Amino acid sequence: MLKKSMILILPVFCLALTTSPVFLSYGASDTPASETYDAATEKDAQAANEQAAEQNSYPTDDHDTALDSHPANNQNAELSATQNANQDSRPASSDAADDPLTDFSANDWRLILVNKQHPIPDNYEFELGSIHNGLKVDKRITRQLDQMLSAARQDGINLLVISPYRDPARQKELFDKKIKRALRQDQNYLNAYKETASAVTIPGSSEHEIGLAVDITTKQHITLDEQYADSEGGIWLKQHCMLYGFILRYPDGKEDITGIEFEPWHFRYVGKDAATYITKHDLTLEEFVAMMQGS
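Now the structure itself:
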(Lines of atoms letter the chains of each structure in order from A; the text may use other names.)
(Lines give C-alpha, C1' and ligand atoms only; values in the text may rest on other atoms or scores of the structure.)
Protein backbone atom coordinates (compact mmCIF):
# COMPACT_ATOMS: atom_id res chain seq x y z
CA MET A 45 0.00 0.00 0.00
CA LEU A 46 1.55 3.30 -1.02
CA LYS A 47 1.37 6.32 1.27
CA LYS A 48 1.53 9.92 0.11
CA SER A 49 4.90 10.50 1.71
CA MET A 50 6.27 7.58 -0.29
CA ILE A 51 4.69 8.73 -3.55
CA LEU A 52 6.36 12.12 -3.32
CA ILE A 53 9.81 10.51 -3.32
CA LEU A 54 9.33 7.39 -5.40
CA PRO A 55 10.57 7.71 -8.98
CA VAL A 56 7.85 8.23 -11.52
CA PHE A 57 8.60 4.91 -13.15
CA CYS A 58 7.09 3.13 -10.15
CA LEU A 59 3.66 4.10 -11.42
CA ALA A 60 4.34 2.16 -14.60
CA LEU A 61 4.92 -1.15 -12.84
CA THR A 62 2.37 -3.65 -14.05
CA THR A 63 3.20 -6.79 -12.14
CA SER A 64 0.43 -6.23 -9.59
CA PRO A 65 -2.53 -3.87 -9.05
CA VAL A 66 -1.61 -0.36 -7.93
CA PHE A 67 -3.24 1.04 -4.83
CA LEU A 68 -2.77 4.65 -3.80
CA SER A 69 -3.39 6.55 -0.60
CA TYR A 70 -3.29 10.32 -0.21
CA GLY A 71 -3.46 13.16 2.25
CA ALA A 72 -3.31 16.95 2.10
CA SER A 73 -0.32 19.03 1.05
CA ASP A 74 0.45 22.73 0.89
CA THR A 75 2.21 22.87 -2.49
CA PRO A 76 0.18 24.40 -5.34
CA ALA A 77 -0.29 22.51 -8.61
CA SER A 78 -2.10 22.94 -11.88
CA GLU A 79 -5.48 21.65 -12.98
CA THR A 80 -4.88 22.64 -16.59
CA TYR A 81 -3.33 20.88 -19.55
CA ASP A 82 0.31 21.51 -20.43
CA ALA A 83 0.62 20.86 -24.18
CA ALA A 84 4.40 20.49 -24.23
CA THR A 85 4.80 18.10 -21.33
CA GLU A 86 1.75 16.02 -22.19
CA LYS A 87 2.70 15.73 -25.88
CA ASP A 88 3.50 12.04 -25.72
CA ALA A 89 0.16 11.17 -24.10
CA GLN A 90 -1.70 13.22 -26.70
CA ALA A 91 0.13 11.53 -29.56
CA ALA A 92 -0.72 8.09 -28.23
CA ASN A 93 -4.37 9.02 -27.86
CA GLU A 94 -4.53 10.55 -31.32
CA GLN A 95 -3.09 7.39 -32.80
CA ALA A 96 -5.64 5.30 -30.91
CA ALA A 97 -8.49 7.45 -32.17
CA GLU A 98 -7.34 7.33 -35.78
CA GLN A 99 -6.98 3.57 -35.60
CA ASN A 100 -10.42 3.22 -33.98
CA SER A 101 -8.78 1.25 -31.18
CA TYR A 102 -11.19 2.20 -28.43
CA PRO A 103 -13.02 -0.93 -27.22
CA THR A 104 -16.70 -0.79 -28.12
CA ASP A 105 -18.38 -3.65 -26.29
CA ASP A 106 -15.92 -5.85 -24.41
CA HIS A 107 -13.89 -3.55 -22.19
CA ASP A 108 -12.66 -6.47 -20.09
CA THR A 109 -10.71 -7.70 -23.12
CA ALA A 110 -8.92 -4.36 -23.38
CA LEU A 111 -8.10 -4.35 -19.69
CA ASP A 112 -6.71 -7.87 -19.91
CA SER A 113 -4.00 -6.59 -22.24
CA HIS A 114 -2.50 -4.74 -19.28
CA PRO A 115 -0.76 -7.11 -16.81
CA ALA A 116 -1.69 -4.87 -13.89
CA ASN A 117 -5.34 -5.69 -14.50
CA ASN A 118 -5.11 -9.46 -14.90
CA GLN A 119 -6.02 -10.00 -11.27
CA ASN A 120 -9.65 -9.92 -10.20
CA ALA A 121 -10.96 -6.61 -8.93
CA GLU A 122 -12.16 -6.41 -5.36
CA LEU A 123 -15.79 -7.33 -4.85
CA SER A 124 -16.79 -3.81 -3.86
CA ALA A 125 -15.31 -2.34 -7.04
CA THR A 126 -17.10 -4.95 -9.16
CA GLN A 127 -20.41 -4.24 -7.45
CA ASN A 128 -20.03 -0.52 -8.05
CA ALA A 129 -19.17 -1.07 -11.70
CA ASN A 130 -22.17 -3.34 -12.19
CA GLN A 131 -24.41 -0.82 -10.47
CA ASP A 132 -23.45 1.85 -12.98
CA SER A 133 -23.69 -0.42 -16.01
CA ARG A 134 -27.43 0.11 -16.07
CA PRO A 135 -28.96 3.10 -17.95
CA ALA A 136 -29.46 6.25 -15.93
CA SER A 137 -32.90 6.46 -14.40
CA SER A 138 -35.27 8.61 -16.41
CA ASP A 139 -36.51 10.02 -13.12
CA ALA A 140 -33.04 10.63 -11.72
CA ALA A 141 -33.32 14.39 -12.14
CA ASP A 142 -36.31 14.37 -9.79
CA ASP A 143 -35.01 11.81 -7.29
CA PRO A 144 -34.89 13.21 -3.74
CA LEU A 145 -31.41 13.94 -2.48
CA THR A 146 -31.96 11.38 0.25
CA ASP A 147 -31.45 8.75 -2.45
CA PHE A 148 -27.77 9.72 -2.56
CA SER A 149 -25.18 8.93 0.09
CA ALA A 150 -22.42 11.23 1.24
CA ASN A 151 -20.31 8.10 1.77
CA ASP A 152 -20.50 7.12 -1.90
CA TRP A 153 -16.96 7.13 -3.33
CA ARG A 154 -18.33 8.52 -6.57
CA LEU A 155 -19.51 11.68 -4.81
CA ILE A 156 -16.37 12.58 -2.89
CA LEU A 157 -15.84 16.34 -3.03
CA VAL A 158 -12.23 17.23 -3.74
CA ASN A 159 -11.18 20.85 -4.10
CA LYS A 160 -8.95 23.42 -2.42
CA GLN A 161 -11.16 23.48 0.67
CA HIS A 162 -11.67 19.70 0.75
CA PRO A 163 -8.35 17.86 0.30
CA ILE A 164 -8.21 14.14 -0.29
CA PRO A 165 -8.66 12.31 3.04
CA ASP A 166 -5.56 10.65 4.44
CA ASN A 167 -7.23 7.24 4.41
CA TYR A 168 -8.61 7.50 0.87
CA GLU A 169 -7.56 4.50 -1.22
CA PHE A 170 -8.24 3.42 -4.77
CA GLU A 171 -6.88 1.09 -7.42
CA LEU A 172 -5.60 2.35 -10.74
CA GLY A 173 -6.86 0.75 -13.93
CA SER A 174 -5.88 1.24 -17.56
CA ILE A 175 -7.90 2.63 -20.42
CA HIS A 176 -6.59 2.65 -24.01
CA ASN A 177 -2.83 3.03 -24.46
CA GLY A 178 -2.25 2.40 -20.77
CA LEU A 179 -3.52 5.73 -19.46
CA LYS A 180 -4.61 5.41 -15.84
CA VAL A 181 -7.80 6.30 -13.97
CA ASP A 182 -9.62 4.86 -10.97
CA LYS A 183 -10.23 1.28 -12.04
CA ARG A 184 -13.91 1.53 -11.13
CA ILE A 185 -14.60 4.04 -13.93
CA THR A 186 -12.64 2.47 -16.80
CA ARG A 187 -15.67 0.78 -18.34
CA GLN A 188 -17.85 3.90 -18.26
CA LEU A 189 -15.08 6.08 -19.69
CA ASP A 190 -14.35 3.68 -22.52
CA GLN A 191 -18.07 3.40 -23.28
CA MET A 192 -18.32 7.19 -23.56
CA LEU A 193 -15.31 7.40 -25.86
CA SER A 194 -16.70 4.60 -28.02
CA ALA A 195 -20.13 6.22 -28.25
CA ALA A 196 -18.55 9.47 -29.42
CA ARG A 197 -16.49 7.61 -31.99
CA GLN A 198 -19.64 5.94 -33.32
CA ASP A 199 -21.05 9.46 -33.78
CA GLY A 200 -17.97 10.40 -35.79
CA ILE A 201 -16.08 12.22 -33.01
CA ASN A 202 -12.67 10.96 -31.93
CA LEU A 203 -12.22 12.18 -28.38
CA LEU A 204 -8.78 12.23 -26.80
CA VAL A 205 -8.06 11.76 -23.10
CA ILE A 206 -5.04 14.01 -22.63
CA SER A 207 -4.82 14.18 -18.85
CA PRO A 208 -6.18 11.35 -16.70
CA TYR A 209 -4.66 10.37 -13.33
CA ARG A 210 -1.78 12.52 -12.10
CA ASP A 211 0.47 11.93 -9.13
CA PRO A 212 1.23 14.83 -6.73
CA ALA A 213 4.70 15.36 -8.21
CA ARG A 214 3.13 15.90 -11.64
CA GLN A 215 0.65 18.36 -10.17
CA LYS A 216 3.45 20.37 -8.62
CA GLU A 217 5.47 20.33 -11.83
CA LEU A 218 2.58 21.78 -13.85
CA PHE A 219 1.89 24.49 -11.30
CA ASP A 220 5.51 25.54 -11.04
CA LYS A 221 5.73 25.90 -14.82
CA LYS A 222 2.69 28.16 -14.84
CA ILE A 223 4.12 30.31 -12.06
CA LYS A 224 7.40 30.68 -13.97
CA ARG A 225 5.58 31.70 -17.15
CA ALA A 226 3.63 34.33 -15.23
CA LEU A 227 6.80 35.63 -13.60
CA ARG A 228 8.42 36.04 -17.01
CA GLN A 229 5.67 38.53 -17.79
CA ASP A 230 7.19 40.91 -15.21
CA GLN A 231 4.65 40.08 -12.55
CA ASN A 232 5.65 39.88 -8.92
CA TYR A 233 5.18 36.52 -7.25
CA LEU A 234 1.92 37.45 -5.51
CA ASN A 235 0.28 38.53 -8.75
CA ALA A 236 1.67 35.48 -10.56
CA TYR A 237 0.26 33.23 -7.86
CA LYS A 238 -3.14 34.92 -7.94
CA GLU A 239 -3.32 34.56 -11.71
CA THR A 240 -2.34 30.91 -11.55
CA ALA A 241 -4.69 30.18 -8.65
CA SER A 242 -7.72 30.87 -10.81
CA ALA A 243 -6.93 27.69 -12.74
CA VAL A 244 -5.12 25.50 -10.22
CA THR A 245 -5.42 23.53 -7.05
CA ILE A 246 -2.82 22.11 -4.67
CA PRO A 247 -1.42 18.58 -4.59
CA GLY A 248 -3.68 16.51 -2.41
CA SER A 249 -6.70 18.53 -3.53
CA SER A 250 -6.99 17.61 -7.19
CA GLU A 251 -9.58 15.25 -8.68
CA HIS A 252 -6.90 14.10 -11.10
CA GLU A 253 -5.00 12.67 -8.14
CA ILE A 254 -7.85 10.30 -7.28
CA GLY A 255 -8.37 9.17 -10.85
CA LEU A 256 -11.97 10.39 -11.11
CA ALA A 257 -11.30 13.34 -13.43
CA VAL A 258 -10.20 13.38 -17.05
CA ASP A 259 -9.39 16.16 -19.48
CA ILE A 260 -10.92 15.26 -22.83
CA THR A 261 -10.48 17.06 -26.13
CA THR A 262 -10.01 16.36 -29.85
CA LYS A 263 -6.97 16.65 -32.08
CA GLN A 264 -8.41 19.91 -33.43
CA HIS A 265 -8.24 21.47 -29.95
CA ILE A 266 -5.01 20.24 -28.38
CA THR A 267 -4.25 23.68 -26.98
CA LEU A 268 -7.20 23.95 -24.67
CA ASP A 269 -9.23 27.13 -24.44
CA GLU A 270 -12.82 28.13 -23.82
CA GLN A 271 -13.63 27.90 -27.54
CA TYR A 272 -13.56 24.14 -27.14
CA ALA A 273 -17.02 24.45 -25.56
CA ASP A 274 -18.45 25.39 -28.97
CA SER A 275 -16.59 22.70 -30.88
CA GLU A 276 -18.06 19.42 -32.04
CA GLY A 277 -16.32 17.48 -29.28
CA GLY A 278 -17.17 19.95 -26.54
CA ILE A 279 -20.84 20.04 -27.51
CA TRP A 280 -21.08 16.25 -27.72
CA LEU A 281 -19.51 15.79 -24.30
CA LYS A 282 -21.75 18.34 -22.61
CA GLN A 283 -24.86 16.72 -24.10
CA HIS A 284 -23.92 13.09 -23.50
CA CYS A 285 -21.52 12.89 -20.54
CA MET A 286 -24.24 12.37 -17.94
CA LEU A 287 -25.38 9.20 -19.73
CA TYR A 288 -22.07 7.65 -18.69
CA GLY A 289 -21.89 9.11 -15.18
CA PHE A 290 -19.76 12.19 -15.91
CA ILE A 291 -20.36 15.89 -15.33
CA LEU A 292 -18.77 19.04 -16.70
CA ARG A 293 -16.91 19.83 -13.50
CA TYR A 294 -16.05 23.52 -13.95
CA PRO A 295 -18.93 25.13 -15.88
CA ASP A 296 -19.10 28.67 -17.17
CA GLY A 297 -20.54 31.17 -14.69
CA LYS A 298 -19.83 29.01 -11.64
CA GLU A 299 -16.24 30.11 -11.04
CA ASP A 300 -17.10 31.74 -7.73
CA ILE A 301 -18.38 28.37 -6.47
CA THR A 302 -15.78 25.98 -7.92
CA GLY A 303 -12.83 28.33 -7.55
CA ILE A 304 -11.63 27.23 -10.99
CA GLU A 305 -11.96 28.91 -14.38
CA PHE A 306 -14.39 27.56 -16.97
CA GLU A 307 -12.87 24.32 -18.29
CA PRO A 308 -15.07 22.75 -20.99
CA TRP A 309 -12.59 19.86 -21.25
CA HIS A 310 -12.58 18.73 -17.59
CA PHE A 311 -15.05 15.95 -16.74
CA ARG A 312 -15.58 14.24 -13.42
CA TYR A 313 -17.17 10.85 -12.74
CA VAL A 314 -20.00 10.89 -10.16
CA GLY A 315 -22.25 8.00 -11.30
CA LYS A 316 -25.17 8.12 -13.70
CA ASP A 317 -27.99 9.10 -11.36
CA ALA A 318 -25.98 11.85 -9.67
CA ALA A 319 -24.74 13.10 -13.04
CA THR A 320 -28.30 13.29 -14.32
CA TYR A 321 -29.48 15.17 -11.22
CA ILE A 322 -26.55 17.61 -11.27
CA THR A 323 -26.88 18.30 -14.99
CA LYS A 324 -30.66 18.72 -15.03
CA HIS A 325 -30.55 21.10 -12.07
CA ASP A 326 -27.53 23.05 -13.41
CA LEU A 327 -25.48 22.39 -10.29
CA THR A 328 -21.82 22.12 -9.51
CA LEU A 329 -20.56 19.24 -7.40
CA GLU A 330 -20.03 21.73 -4.58
CA GLU A 331 -23.69 22.76 -4.70
CA PHE A 332 -24.90 19.17 -5.00
CA VAL A 333 -22.88 17.99 -2.00
CA ALA A 334 -24.01 20.97 0.09
CA MET A 335 -27.66 20.22 -0.74
CA MET A 336 -27.17 16.52 -0.06
CA GLN A 337 -25.60 17.16 3.33
CA GLY A 338 -28.35 19.59 4.24
CA SER A 339 -31.19 17.23 3.27
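Residue numbers 45 to 339, in our numbering, belong to the letters of the sequence shown in order.
Cβ atoms here follow ideal geometry from the backbone N, Cα and C, with glycine treated the same way.
For clarity, every value in this text was computed on a predicted model and none was experimentally measured.
For A213, the closest of M335, S250, L172 by C-alpha to C-alpha distance is S250.
Contact annotation: P295 and F306 have beta-carbon atoms nearer than 8 Å.
For Y288, there is no enclosing alpha helix (DSSP H), since its DSSP letter is neither H nor E.
Our two residues, Q283 and L227, have alpha carbons roughly 38 Å apart in a direct line. One Cα belongs to A318, the other to M336, and the distance between them is close to 11 Å. Using a C-beta cut-off of 8 Å, the stretch 252-264 makes contact with the stretch 174-191, since at least three inter-stretch Cβ pairs fall below that distance. Its Cα nearest to that of W309, the residue Q271 stands out among Q271, D300, K324, D326. Per DSSP, reduced to three states, the secondary structure at Y233 is helical. Residue environment: G173 is assigned as buried (16 or more neighbouring CB atoms within 10 Å of its CB, all protein chains considered). The C-alpha of I291 is placed about 19 Å away from the C-alpha of N202. In this chain, the alpha helix (DSSP H) harbouring I301 covers 299-302.
Taking T261 as reference, the option from R187, H252, S275 with the minimal CA-CA separation is S275. Here the C-alpha atom of Q215 lies approximately 12 Å from the C-alpha atom of P208. Counting along the chain, D182 sits inside the beta strand (DSSP E) bounded by residues 180-182.
Under the criterion of beta carbons closer than 8 Å, M286 and T328 do not qualify as touching, at roughly 14 Å.
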